[in-house]
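Below: the structure, in structure tokens.
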Amino acid sequence: MEEKYTNFWQNGVYKCGKCGSPLICSSDKFKSTTAWPSFRDATAGAIKTRPDYSLGVARTEVLCAKCGQHLGHLFDDGKILGDSHSKAGNRYCILSNVLDFKKKNES
Ligand SMILES: [Zn+2]
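In this note's numbering, the protein residues as written are 1 to 107.
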């Protein structure tokens with residue numbers, strides 16, 4: 001099943017579903033060929049990363065810097081998977097159900 005923010009293109013901010021910290025701007029979202037919402041960047045200081053070997057492969061886990069909520073993973077295949085942005089490369093693969101979208105001009 002498709003996640004709720006995978007094909008979702010309104011302008012606003014994606015916040016942490018747990019603590020409400022603003023994590024990612026909609027302008028950094030791009031359409032990837034994966035089933036998950038994909039972002040090329042995140043708000044400075046809003047997320048933190050750590051190595052994750054849970055599936056027997058080295059991945060980079062992405063967490064909320066404020067509350068530690070697991071958000072998803074960071075990959076470097078953004079360009080391959082659909083980001084046409086000139087600085088493309090990073091792909092934050094974030095789970096819809098840990099995000100809380102706020103439209104621009106909404107608090
Ligand atoms: Zn949080």
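We put the beta carbon where it would ideally sit given N, CA and C, even for glycine. These numbers were taken from a predicted model, which means no experiment stands behind them.
8 Å Cβ shell around residue i - same chain, five flanking residues per side excluded
i, result
"A65", "S21, G45, A46, I47 and K48"
Residues sharing a beta bridge with residue i, DSSP
i, result
"G72", "V62 and I94"
"F12", "One detail in the question is off: residue 12 reads as Gly in this sequence, not Phe. G12 is bridged to K103."
"R50", "E61"
Own chain residues within Cβ distance below 7 Å of residue i, not counting five before or after
i, result
"K31", "G82"
"P37", "E3, Y5, T6, K29, I94 and S96"
For residue j and residue i, the rounded distance between their alpha carbons
i, j, result
"Y92", "N105", "25 Å"
"L71", "K102", "17 Å"
"A58", "L74", "11 Å"
"G12", "A88", "21 Å"
"E3", "R40", "18 Å"
Chain-order list of residues whose beta-carbon lies under 6 Å from that of residue i (same chain, five-residue window excluded)
i, result
"I80", "none"
"K18", "C67 and Q69"
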